[in-house]
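Protein chains: 2
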Amino acid sequence: MSSINLKRLSEELGLSISSVSKALRDSYEISAETKKRVLAMAEKLNYQPNPFASSLRRKKSITIAVVIPEIANNFFALAIDGIQMVAQQKGYHVLTYLTHENFTNEESTIRHLQGGRVDGVLISLCRDTDSIKHLTGLHDTGIPLVFFDRVPEIMDCPTVTTDDYDSGFKATEHLIKAGCKKIACLSLSSLLSITHKRVSGYQDALKKYKLKEDPKLIIECTNDNASNLQLIKKLLSKKDRPDGVFSTVEKLAISTYYVCNEIKLKIPQQLKIISFSNLRTASLLAPSLSTITQPAFEIGKESASLLFRMIEKKTFGNRIDKIVLKSSLIERNSSK
Amino acid sequence: MSSINLKRLSEELGLSISSVSKALRDSYEISAETKKRVLAMAEKLNYQPNPFASSLRRKKSITIAVVIPEIANNFFALAIDGIQMVAQQKGYHVLTYLTHENFTNEESTIRHLQGGRVDGVLISLCRDTDSIKHLTGLHDTGIPLVFFDRVPEIMDCPTVTTDDYDSGFKATEHLIKAGCKKIACLSLSSLLSITHKRVSGYQDALKKYKLKEDPKLIIECTNDNASNLQLIKKLLSKKDRPDGVFSTVEKLAISTYYVCNEIKLKIPQQLKIISFSNLRTASLLAPSLSTITQPAFEIGKESASLLFRMIEKKTFGNRIDKIVLKSSLIERNSSK
DNA sequence: AAATTTTACGAAAACGTTTTCTCCGATTTT
DNA sequence: AAAATCGGAGAAAACGTTTTCGTAAAATTT
Chain A
0 MSSINLKRLS
10 EELGLSISSV
20 SKALRDSYEI
30 SAETKKRVLA
40 MAEKLNYQPN
50 PFASSLRRKK
60 SITIAVVIPE
70 IANNFFALAI
80 DGIQMVAQQK
90 GYHVLTYLTH
100 ENFTNEESTI
110 RHLQGGRVDG
120 VLISLCRDTD
130 SIKHLTGLHD
140 TGIPLVFFDR
150 VPEIMDCPTV
160 TTDDYDSGFK
170 ATEHLIKAGC
180 KKIACLSLSS
190 LLSITHKRVS
200 GYQDALKKYK
210 LKEDPKLIIE
220 CTNDNASNLQ
230 LIKKLLSKKD
240 RPDGVFSTVE
250 KLAISTYYVC
260 NEIKLKIPQQ
270 LKIISFSNLR
280 TASLLAPSLS
290 TITQPAFEIG
300 KESASLLFRM
310 IEKKTFGNRI
320 DKIVLKSSLI
330 ERNSSK
Chain B
0 MSSINLKRLS
10 EELGLSISSV
20 SKALRDSYEI
30 SAETKKRVLA
40 MAEKLNYQPN
50 PFASSLRRKK
60 SITIAVVIPE
70 IANNFFALAI
80 DGIQMVAQQK
90 GYHVLTYLTH
100 ENFTNEESTI
110 RHLQGGRVDG
120 VLISLCRDTD
130 SIKHLTGLHD
140 TGIPLVFFDR
150 VPEIMDCPTV
160 TTDDYDSGFK
170 ATEHLIKAGC
180 KKIACLSLSS
190 LLSITHKRVS
200 GYQDALKKYK
210 LKEDPKLIIE
220 CTNDNASNLQ
230 LIKKLLSKKD
240 RPDGVFSTVE
250 KLAISTYYVC
260 NEIKLKIPQQ
270 LKIISFSNLR
280 TASLLAPSLS
290 TITQPAFEIG
300 KESASLLFRM
310 IEKKTFGNRI
320 DKIVLKSSLI
330 ERNSSK
């Protein structure tokens, strides 16, 4: 329990508390010589300023919050990596909150953040967020807020996303050109903006190539892995099963692989697959998985950078940034 | 900028600040009726207590720190998941710091944490941490510290690990029983306790089965992916190349797969592989990867639980807990 | 009825910073 | 020589809580 504070430091130096504080913050009011003395003593006693006293006084937390649905997910892990990089560079601390795709969790997390614990918030919405009322409170407190990937469709807010519509379109087009006539689409909650955009791309690609759209081929999956497996198994076991699958998220493609193994469906001969994914082992799978890969790390980096521009008021007036990055389609054997 | 504080609340209610504070903390000194009034007003004005004022006064941050080498790593992502679960349940906040396997980062992170920003620290050491001097300062401040997975070998400290020696032994034994005569071992820094234990298990298994140990077969990899690929390629391109590989970490197994693809080495016919890994797609790889899988989520859970026992002083006297969980060996086709 | 306890609340100190304001002696300007 | 400026430092208020202590009035006990 060392607890070296300014008072102790000032006594040791024979200076006032305020002078010591100023010296440590390199104020012009303090002579160079005194500063040197103070710094030396602070070093010697291993002085660490109390962050709470400082934050209380300065009304700055030097901390940001990241609110995401889950962490055991390649996309989000990479995004956090990017966020952390920028934050560390800025000398900021990062609080992480997981909503586990649960709206109630998201709500209470946001409410807690209104106390001023953080200077800014990065958030990717959870699958059953159907209203953004819980965010207006946070917005009203003036705490900068940036959405990434899973953003609200209606609210006027700063966002960092990828070209989801285009990617959905191209992925579907790719399957069509590979010979698919009947393409299923595996999606998360239809409440999510990314789902909506990716599925729209899918639908428009079908239209362009005059394939008839079947609502039954758009499978809205749940948050439970076992039941998703059932859904996919049911889909692929039917007599008139699809010959192509476009998965809007990685884990549903993995489930599809498992199902195909189970029911002995050959990829890509009997079923072609393409999926949004940040799997590092995509090319090592049997067969290798064709992916639309989002620049997850860059998304994190851009989101954090945007947030810091807002925190530092470098973003002019009431301008609202909407950054869109490009995903890349990587053809592999699952869609040959 | 709402900024509703106790003062504002007390004015609104015609009470003193202290009474409002007590009412909100459900003190026996306040009448039931007054409490109800205060709660109602707090709700109405959306009062959120200032965490810094509170922390300053109570000398409690209700926050823990997690210091890990990287986040884009299945093991650590799962561990964090477990940590977050426990923390959330306890109403604690979680600060995450990435060292990127860099000792200097680890050092400065630890130093920053000495200011009292957190009530406890969970840490997994980075690959070039060769001294734990930087941790004694933290220890001296009385902040509870729990190590998980990558723990110091010498220091008397609370740890949560897995049966690394046994796992290394069994993995090697498994390869031997599958017919391997010449087994290489891919390891991270030899400074790490996990490397040491896993490699010891490997060596003892060789001894038990009278296979001669060749130091050249123990490859200490770097933190750079490209150079690791080179190292592995060199190892596997030799005339007298090994017929088995025991990888102590996931990413080196993945690199090995890439190399085998490149130099057309057939797994498992020409080379058998087993690796520590938390890859969800292990069974979908070509061929499926035999793994020693650590209970990463549980490690996180247990570490956090232990830390909270220490924070809440529930751990008696100067007892030091060392929790060891079991990994499981899962045979798949890469070692058939 | 007097003495004691209980109930319900308020005043004020404390947590450790940061920052504004004040002050004093020394130097420079009028 | 008097006035103004300046460099360096300290006193004290402020940030928003929590908590100790004090104290009236009411309730209870003697």
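For the protein sequence lines, the chains are A and B, in the order given.
For the first sequence, position 293 (counting from the first letter as 1) is numbered 292 according to numbering that gives the first Met the number 0, and the numbering increases by one without interruption.
For the second sequence, position 329 (counting from the first letter as 1) is numbered 328 according to numbering that gives the first Met the number 0, and the numbering increases by one without interruption.
All residues carry an ideal CB built from backbone N, CA and C; glycine is no exception.
For residue j and residue i, the rounded distance between their alpha carbons
i       : j       : result
T255(A) : C184(A) : 11 Å
R126(A) : N222(A) : 8 Å
N260(A) : R197(A) : 27 Å
L288(A) : L144(B) : 42 Å
E28(A)  : P50(A)  : 23 Å
M0(B)   : L12(A)  : Per-residue confidence for M0(B) stands at a pLDDT of 42, beneath the threshold of 50, marking its modelled position as unreliable; the derived number appears in the next sentence. Spanning the two alpha carbons is a distance of roughly 40 Å.
I231(A) : Q269(A) : 15 Å
I262(B) : M84(A)  : 36 Å
L264(A) : I273(A) : 16 Å
I291(B) : K300(B) : 19 Å
R24(A)  : I310(A) : 21 Å
G90(A)  : V248(A) : 33 Å
A225(B) : N332(A) : 25 Å
S17(A)  : L44(A)  : 18 Å
L97(A)  : I67(A)  : 5 Å
L112(A) : A52(B)  : 15 Å
G115(A) : S60(A)  : 8 Å
P151(A) : K211(A) : 30 Å
K312(A) : K6(B)   : 29 Å
S328(B) : L174(B) : One detail in the question is off: residue 328(B) reads as Leu in this sequence, not Ser. Whole-angstrom Cα-Cα distance: 12 Å.
K325(A) : L228(A) : 30 Å
S15(B)  : R56(A)  : 23 Å
E172(A) : S199(A) : 13 Å
E100(B) : E69(B)  : 7 Å
A76(A)  : N72(B)  : 8 Å
F307(A) : F296(A) : 17 Å
L205(A) : D213(A) : 10 Å
Rounded distance between the beta-carbons of residue j and residue i, thought under 8 Å
i       : j       : result
Y201(A) : G178(A) : The pair is not a contact, with the Cβ atoms about 17 Å apart (cut-off 8 Å).
S302(B) : F147(B) : 4 Å
Cross-chain neighbours of residue i in chain B, by beta carbon under 7 Å
i       : result
R116(A) : P50
T280(A) : I253, L278, T280, L284
S54(A)  : F51
H92(A)  : L94
Q202(A) : In chain order: nothing, as chain B lies at least about 29 Å away.
Q229(A) : Correct list: empty, because the minimum Cβ distance to chain B is about 19 Å.
Among the options, the one whose alpha carbon lies nearest that of residue i
i       : options                            : result
V93(B)  : V65(B), R110(B), L112(B)           : V65(B)
D239(A) : P267(A), I182(A), D203(A), L283(A) : I182(A)
K159(A) : I310(A), H138(A), H99(A), P294(A)  : The identity of residue 159(A) in the sequence shown is Val, whereas the question assumes Lys. Closest option to V159(A), Cα to Cα, is P294(A).
Y208(A) : N224(A), K169(A), N104(A)          : K169(A)
K215(A) : L234(A), L205(A), S226(A)          : L234(A)
Q88(B)  : S107(A), A71(A), Q87(A), Q88(A)    : S107(A)
V117(B) : K6(B), T140(B), L97(B)             : T140(B)
V323(B) : S20(B), V120(B), Y164(B)           : Y164(B)
H138(A) : R149(A), I109(A), S246(A), I329(A) : I109(A)
K335(A) : L283(A), S304(A), K325(A), P267(A) : P267(A)
L283(B) : S2(A), I253(A), D242(A)            : I253(A)
P241(B) : E219(B), A281(B), K271(B), V258(B) : K271(B)
S304(B) : D129(B), L121(B), E219(B), T280(B) : L121(B)
L278(B) : E297(B), K250(B), I298(B), V258(B) : K250(B)
A41(B)  : K58(B), S54(B), S30(B), A22(B)     : A22(B)
Neighbour list for residue i in chain A, Cβ cutoff strictly below 8 Å
i       : result
D80(B)  : E69, I70, A71, L97
V120(B) : Under the 8 Å cutoff, chain A gives no residues; its nearest Cβ is about 13 Å from V120(B).
N45(B)  : Q113, G136
Q269(B) : By Cβ distance, chain A contributes nothing, its closest Cβ being about 17 Å from Q269(B), past 8 Å.
Interface partners of residue i on chain B, CB under 9 Å
i      : result
L77(A) : I70, A71
Q88(A) : Going along chain B, no residue has its Cβ under 9 Å from Q88(A), so there is no contact; the nearest lies around 12 Å.
Chain A residues whose Cβ lies nearer than 7 Å to that of residue i
i       : result
Y256(B) : L283
Contacts that residue i makes with chain B (C-beta to C-beta distance below 8 Å)
i       : result
Q293(A) : Those within 8 Å of Q293(A) in chain B number zero; the least Cβ separation is about 14 Å.
Requested in this report: Could you pull out every unbroken alpha helix (DSSP H) segment of at least 4 residues lying fully inside the region 207-294 of chain A, listed in chain order?
Outcome: Here the runs fully enclosed are 224-236, 249-261.
Give the list of continuous beta strand (DSSP E) stretches no shorter than 3 residues that lie fully inside the region 106-158 of chain A.
Taking 3 residues as the shortest admissible run, the region 106-158 of chain A contains the following complete beta strand (DSSP E) segments, listed from N- to C-terminal end: 119-122, 144-147.
My parser needs the alpha helix (DSSP H) runs of 4 or more residues fully inside the region 0-77 of chain A; what are they?
For the region 0-77 of chain A, the continuous alpha helix (DSSP H) assignments of 4+ residues that do not extend past its boundaries occur at 5-12, 16-23, 31-43, 50-57, in sequence order.
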